[in-house]
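Before any comments, here is the structure.
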Amino acid sequence: MSTSSNHSDRTRHFPPDFLWGAATASYQIEGATKADGRGPSIWDTFSHTPGAVLNGDNGDIACDHYHRMDEDLDLLAQLGVRAYRFSVAWPRVIPEGTGEVNQAGLDFYRRLVDGLRARDIEPTLTLYHWDLPQPLEDRGGWVVRDTAEAYAVYVEAVARALGDGVERWITLNEPWCSSWLGYGSGHHAPGKHDIGMATAANHHLLLAHGLATPILRDTIRGAKVGITLNLSDHRPGSDDELDVAAARRADGNLNRLFLDPIFHGRYPEDMLEHYCNESPGFSVVREGDLELIAQPLDFLGVNYYSPSTVVDESRATQARMAGYIVATGDQFPDLRLRGLETPGRDRTAMDWEIQAAGLTSLLVRIRDEYTGLPIYITENGAAFNDYVDPNGHVLDLNRVAYLQEHLSAMHDAIAAGVNVQGYFVWSLLDNFEWAFGYSQRFGIVWVDFPTGVRLPKESFRWYRDAVASNTVQYARSPGSH
Ligand code: IFM
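Those letters in the sequence shown? Residues 138 to 618, per our numbering, in order.
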């Protein structure tokens with residue numbers, strides 16, 4: 138593999154055919170929530186619920202990408218990326234969730250796909266990035282099996298309409314967020330607080346993935362099918378067995394509840410045991426489901442932002458004495474753990490610890506424990522408190538450092554033999570950051586939300602140069618060892 142490293146300087150080369158990209162998602166950028174027959178989604182409902190989203194923000198207008206698509210495609214062309222990852226909004230395509238297909242909705246994505254192709258950019262299409270049609274939620278949402286069946290019908294409609302223009306298909310984005318934040322902690326739409334519901338949703342989302350996979354393969358010749366998971370590297374705050382067990386629980390909930398069924402065809406025993414008294418919980422699993430979920434894929438999408446260090450909730454005092462800052466609670470009390478902050482480590486505006494080495498160890502672990510399939514980093518990036526300076530520039534040097542460290546960490550994984558074939562920066566544009574509304578800017582392009590004006594940040598120029606040269610100047614996060 139040509140990941141040649143000239144160690145006399147810090148330049149690291151990526152493989153010649155490495156796929157560089159940028160990513161967005163429908164509800165976060167499109168706006169136009171009532172245009173051309175789009176139906177309501179759970180995020181329309183949730184964001185209009187008082188108190189659900191910071192500052193009462195919503196996605197009604199967002200980046201107005203629906204009306205500014207060409208401008209955004211031109212930005213991608215300027216960036217020089219070979220791929221663009223976007224998501225299709227189910228309520229644009231089937232406004233009621235089931236039933237009639239809305240041709241105008243499909244037409245919008247057809248224009249997007251054609252616009253990308255015209256600029257030599259490969260579309261990478263995510264079929265579900267959290268905007269479930271509200272009528273389906275009214276009938277039980279992801280807690281019920283029917284939603285997985287409805288999703289399969291929706292997938293076929295999209296595959297038929299766009300299959301000739303799109304090769305790379307991602308069934309779901311971060312099903313952990315849809316299930317555990319949506320139905321467990323209530324931080325995301327539909328805002329439920331019920332672990333039994335979250336567990337059932339976890340399964341039905343994976344089932345939806347399993348139902349969609351053969352449909353994509355049967356409908357589109359040569360389709361490359363994958364799923365995107367948000368994964369992290371969970372470390373115990375000490376060698377104490379209670380802390381080691383706490384890190385294992387965190388890992389079970391976030392990572393293994395998804396990786397094990399997809400790659401090993403079973404849910405992890407410790408998690409089945411942990412959630413065994415929840416209702417409906419895993420009682421919704423039917424014979425044959427896991428075979429569907431574990432069908433062969435063409436790639437795995439990995440979204441990585443931050444590592445996590447945890448201790449057992451009973452050991453908060455010891456962790457403080459060891460010099461950590463200890464979180465006061467956890468969004469999932471049943472996991473009985475506390476997150477730790479290492480003083481002095483850099484953090485993003487989301488308060489997420491910056492530690493790029495966690496990406497390397499995560500990727501090596503996936504290869505060792507799960508799969509040698511091609512991996513795409515389908516999201517990686519950071520929110521910072523950006524501003525436009527008096528000269529009209531956004532000098533987001535902290536984002537440049539974050540990207541540089543993470544590209545370096547990804548290069549370390551490639552050099553260690555992990556089959557990473559591409560990277561999509563999150564995100565092309567500042568956008569609607571879910572429960573944080575517009576308060577968190579992840580873009581490499583600044584968006585002035587009142588006017589919609591776009592302004593490439595310094596990180597845009599930096600990433601453009603990395604893409605063009607297919608290299609990174611090697612850098613490690615402070616505090617790495
Ligand atoms: O903005 C989100 C995205 O929608 C899913 N992955 C994480 C990003 C940052 O929180």
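Every residue, glycine too, gets a C-beta built ideally from N, C-alpha and C.
About 4 Å separates the beta carbon of W563 from that of G518, a gap short enough to meet the 8 Å contact definition. Straight-line spacing of the CA atoms in L342 and F400 works out to 15 Å. Look at A226: its beta carbon is at least 6 Å from all of the heavy atoms in the ligand IFM.
By the C-beta density criterion, H371 is buried, having at least 16 other C-beta atoms within 10 angstroms. The DSSP-derived three-state label of E516 is strand. E304 has its alpha-carbon roughly 19 Å from the corresponding atom of G217. For N556 and Q215, the gap between their C-alpha atoms comes out near 28 Å.
For P373, the enclosing beta strand (DSSP E) stretches over residues 371–373. Of the candidates H411, I357, L391, D173, D173 places its Cα closest to the Cα of Q240. In this structure V525 is exposed. Its beta-carbon is surrounded by fewer than 16 other beta-carbon atoms within 10 angstroms. Shown here, H325 sits in coil according to DSSP, grouped into three states, outside any helix or strand.
Note on D275: under 16 other CB atoms within 10 angstroms of its CB, so exposed under the neighbour-count rule. With respect to L396, M408 sits apart: the two C-beta atoms are not nearer than 7 Å. Runs of the alpha helix (DSSP H) lying entirely within the segment 168–250 and spanning at least 4 residues, in chain order: 179–184, 202–216, 227–230. Here V381 has P373 as same chain residues with Cβ atoms under 7 Å from its own Cβ, once five neighbours each way along the sequence are excluded. When the Cα atoms are used, L499 and D388 turn out to be separated by approximately 11 Å. Of the residues A453, R254, T497, Y291, the one whose Cα lies closest to the Cα of V238 is Y291. Taking the C-beta atoms as reference points, A486 is found no nearer than 7 Å to N440. Judged by DSSP in its simplified three-state form, E415 adopts coil rather than helix or strand. The alpha-carbon of D449 is positioned some 31 Å away from that of L437.
Secondary structure note for H341: it is in no beta strand (DSSP E), and the uninterrupted alpha helix (DSSP H) holding it is 332–356.
The beta carbon of V190 is closer than 6 Å to those of S184, A572, G574 in its chain, skipping five residues each way along the sequence. The way I'd put it, the segment 252–259 doesn't touch the segment 185–204; fewer than three beta-carbon pairs between them come closer than 8 Å. When Cβ pairs closer than 8 Å are counted between the two stretches, the segment 266–274 is seen to touch the segment 173–182, the count reaching three or more. Non-local beta-carbon contacts of R536 in its own chain, meaning distances under 6 Å to residues more than five positions away in sequence, involve A519, F521, S596 in chain order. With a cut-off of 6 Å, the C-beta of N195 is classified as distant from the ligand IFM, since no heavy atom of the ligand falls inside that distance.
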